[in-house]
Amino acid sequence: MIVIVGAGLAGLSAAYHLRGMPYKIVEREREVGGLCRSYVKDGFTFDYTGHLLHFRQTAIKALVESLLPDRLQRHARKSFVFSHDTYTEYPFQVNTHGLPPEVVRECLLGFIATLSRSPSTPPAESPSFKHWIIESLGEGIAKHFMVPFNEKLWQVPLDDLTSDWVSWLVPKPDVKDVVSGALGIKDKAFGYNPSFQYPVSGGIKVLPEAFLPSVENLTYDSELVEIETGRRRAVFRSAQGERTEEYDRLISTIPLPELVRRCVDLPASMRELAGALRWVSVYNVNLAVAREQVSDKHWIYFPEHRYPFYRAGFPMNFSPSMGQPGCSSLYVEISHQPTEKASETSLIERVRRGLEGAGVLQPTDELVMSDVKNLYYAYVLFDRYRSRAVKELLGELERRGISSIGRYGLWEHTSMEDAIAQGQQVAMRLRMRAAA
Ligand SMILES: Cc1cc2nc3c(=O)[nH]c(=O)nc-3n(C[C@H](O)[C@H](O)[C@H](O)COP(=O)(O)OP(=O)(O)OC[C@H]3O[C@@H](n4cnc5c(N)ncnc54)[C@H](O)[C@@H]3O)c2cc1C
Numbered sequence: 023m024i025v026i027v028g029a030g031l032a033g034l035s036a037a038y039h040l041r042g043m044p045y046k047i048v049e050r051e052r053e054v055g056g057l058c059r060s061y062v063k064d065g066f067t068f069d070y071t072g073h074l075l076h077f078r079q080t081a082i083k084a085l086v087e088s089l090l091p092d093r094l095q096r097h098a099r100k101s102f103v104f105s106h107d108t109y110t111e112y113p114f115q116v117n118t119h120g121l122p123p124e125v126v127r128e129c130l131l132g133f134i135a136t137l138s139r140s141p142s143t144p145p146a147e148s149p150s151f152k153h154w155i156i157e158s159l160g161e162g163i164a165k166h167f168m169v170p171f172n173e174k175l176w177q178v179p180l181d182d183l184t185s186d187w188v189s190w191l192v193p194k195p196d197v198k199d200v201v202s203g204a205l206g207i208k209d210k211a212f213g214y215n216p217s218f219q220y221p222v223s224g225g226i227k228v229l230p231e232a233f234l235p236s237v238e239n240l241t242y243d244s245e246l247v248e249i250e251t252g253r254r255r256a257v258f259r260s261a262q263g264e265r266t267e268e269y270d271r272l273i274s275t276i277p278l279p280e281l282v283r284r285c286v287d288l289p290a291s292m293r294e295l296a297g298a299l300r301w302v303s304v305y306n307v308n309l310a311v312a313r314e315q316v317s318d319k320h321w322i323y324f325p326e327h328r329y330p331f332y333r334a335g336f337p338m339n340f341s342p343s344m345g346q347p348g349c350s351s352l353y354v355e356i357s358h359q360p361t362e363k364a365s366e367t368s369l370i371e372r373v374r375r376g377l378e379g380a381g382v383l384q385p386t387d388e389l390v391m392s393d394v395k396n397l398y399y400a401y402v403l404f405d406r407y408r409s410r411a412v413k414e415l416l417g418e419l420e421r422r423g424i425s426s427i428g429r430y431g432l433w434e435h436t437s438m439e440d441a442i443a444q445g446q447q448v449a450m451r452l453r454m455r456a457a458a
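Next up, the structure:
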């Protein structure tokens with residue numbers, strides 16, 4: 023018997039691809055989807071912050087499109103950066119046109135300086151994220167976007183982070199793109215997501231729900247509380263009490279530190295490794311105002327420290343069915359340390375003030391709905407400790423019959439597409455093992 027813990031995209035995809043093999047899938051919540059969920063409040067639909075589909079793997083794209091035939095719409099990305107009271111297109115590094123001339127000059131000269139630097143001996147380990155930013159993009163782009171934005175997002179000095187995760191998220195431009203972007207010449211889409219797909223209606227939760235007709239033996243409302251890895255037994259707690267499941271293999275998609283904490287017979291050294299993993303949480307502040315189209319954009323990045331949030335997005339611009347006629351809805355993201363607690367009222371007040379300061383909202387706008395969700399595990403920190411600790415933990419768990427997958431199971435910074443791919447890969451490995 024294979025037991026899958028968690029019915030987010032990784033767990034659902036594992037179940038989907040295990041069809042025909044004996045498995046059970048157990049979820050703590052009353053619904054599937056994990057982070058890829060949507061909810062409705064006062065007639066407005068919100069995801070747990072915006073969740074947009076960008077595909078890099080043709081097989082996963084084909085799978086998602088077959089699960090949601092005619093239910094996805096393609097959008098040409100309208101994402102912007104707001105700084106120096108000016109909107110520039112994202113990504114910042116190839117779109118500085120429109121910023122004050124002295125800012126554009128700093129960005130250009132800084133980037134050009136990176137080109138003439140003689141290549142130093144390759145460092146023994148990955149350079150810090152801050153070092154990478156300055157070496158790859160230059161002092162100006164670092165100062166006016168990359169450093170303040172990322173400090174706000176990650177909530178730690180950027181010297182604490184490595185750069186081995188940045189390559190696809192932060193593409194290094196060539197000089198022609200940087201110069202064209204400074205002059206306002208647009209001859210190429212840039213970045214990892216120049217277009218995206220999104221459900222026509224219902225929010226992103228329609229994606230996990232589309233797996234359900236092909237998934238069996240799914241139990242809701244049941245939390246994994248303990249695992250004896252030696253005896254391959256997992257204990258689940260629900261309103262009805264505790265239940266023990268025996269397994270041959272366990273696929274876990276829950277956050278790695280939570281999994282290790284629940285494994286009662288792991289060596290203390292493993293607990294210490296997991297206990298030192300770091301992450302940031304995100305307050306997801308959702309608002310609706312009684313004014314149509316407060317913005318024509320999909321989302322906006324806010325690098326400057328005078329705004330408490332790092333990003334705000336507009337769900338009704340992905341799908342008008344996400345809101346009510348005559349209104350606009352917004353999701354706003356604020357990173358914070360997991361231990362930090364702020365009241366809902368103060369968050370809404372800070373967000374409102376910030377959005378008014380940026381001119382997105384007007385002081386006369388009537389707030390018709392507001393809500394705050396705390397995404398406790400949002401962004402894992404790629405610090406110098408992470409890579410070795412995760413490798414050792416995953417190896418030890420595998421030796422004990424547990425495959426830990428998904429964004430938080432692998433403790434990484436990956437997308438919905440990656441979670442689906444990981445579920446597929448683990449299922450294929452188990453199929454091959456069963457056939458051998
Ligand atoms: C702010 C933010 C924005 C994002 N935006 C995008 C985007 O635009 N596009 C994109 O592609 N990706 C985006 N992502 C990433 C995307 O959400 C994830 O990659 C994906 O949803 C992860 O799926 P998962 O199954 O690995 O994990 P999860 O969704 O976390 O699923 C884990 C499941 O395990 C369950 N669980 C946890 N503990 C237990 C327990 N003890 N017992 C039983 N069940 C348990 C949970 O309830 C959950 O259902 C974003 C992520 C964040 C944080």
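Going letter by letter, the sequence shown gives residues 23 to 458 in my numbering. Using N, Cα and C, we set each Cβ at its ideal position, and we do this for glycine too.
Which residues DSSP lists as bridging residue i, in chain order
i      : result
Lys46  : Val25
His97  : Phe218
Ile273 : Ile26 and Ser425
Cys285 : Ile249
Ala334 : Ile322 and Val354
Arg265 : Phe258
Asp69  : Ser60
Asp405 : Leu183
Ser105 : Thr108
Thr241 : Val48
Gly224 : DSSP output for Gly224 lists no bridge partner at all.
Leu75  : Gln219
Span of the beta strand (DSSP E), counted from its first residue to its last, around residue i
i      : result
Ala256 : Arg255 to Ser260
Tyr398 : Leu389 to Val402
Lys63  : Ser60 to Lys63
Residue i beta carbon near ligand 1 (any heavy atom closer than 7 Å)
i      : result
Gly160 : no
Cys285 : no
Asp440 : yes
Leu137 : no
Arg265 : no
Thr251 : no
Glu371 : no
Ala256 : no
Val48  : yes
Leu397 : yes
Thr110 : no
Cys58  : yes
Ala29  : yes
Gly33  : yes
Ser260 : no
Assigned exposure category for residue i - 16 Cβ within 10 Å defines buried
i      : result
Pro347 : exposed
Pro330 : buried
Pro113 : buried
His39  : buried
Ser16  : Residue coverage of the chain in this structure runs from 23 to 458, which leaves residue 16 outside it and unanswerable.
Asn339 : buried
Gly206 : exposed
Lys227 : buried
Gly345 : buried
Lys63  : exposed
Glu124 : exposed
His166 : buried
Residue range of the unbroken alpha helix (DSSP H) whose run includes residue i
i      : result
Asn308 : Taken as a continuous stretch (DSSP letters only), Asn308 belongs to no alpha helix (DSSP H), being part of the beta strand (DSSP E) at Trp301 to Val311.
Phe133 : Pro123 to Ser138
Thr80  : Thr80 to Leu89
Glu147 : From DSSP, Glu147 is part of no alpha helix (DSSP H); its letter is neither H nor E.
Trp176 : Val169 to Trp176
Met344 : Taken as a continuous stretch (DSSP letters only), Met344 belongs to no alpha helix (DSSP H), as it is neither H nor E.
Val200 : Val197 to Leu205
Glu378 : Glu366 to Gly379
Tyr38  : Leu31 to His39
Asp440 : Met438 to Ala457
Integer Cβ distance of residue i from residue j, believed to fall under 8 Å
i      : j      : result
Leu234 : Val448 : That pair is no contact at about 19 Å.
Leu278 : Ser426 : 6 Å
Ser236 : Ser185 : Not quite, the Cβ-Cβ distance comes to about 39 Å (not below 8 Å), so this is no contact.
His97  : His320 : 7 Å
Ile249 : Cys285 : 5 Å
Leu89  : Ala232 : 4 Å
Trp301 : Tyr399 : 6 Å
His106 : Gly203 : In fact, because the Cβ distance is near 16 Å, the residues do not count as touching under 8 Å.
Ile163 : Gly132 : 6 Å
Leu175 : Tyr332 : 5 Å
Leu380 : Tyr353 : In the sequence as presented, Leu is not what sits at residue 380; that position holds Ala. The pair is not a contact, with the Cβ atoms about 15 Å apart (cut-off 8 Å).
Gly56  : Gly30  : 3 Å
Val27  : Leu272 : 7 Å
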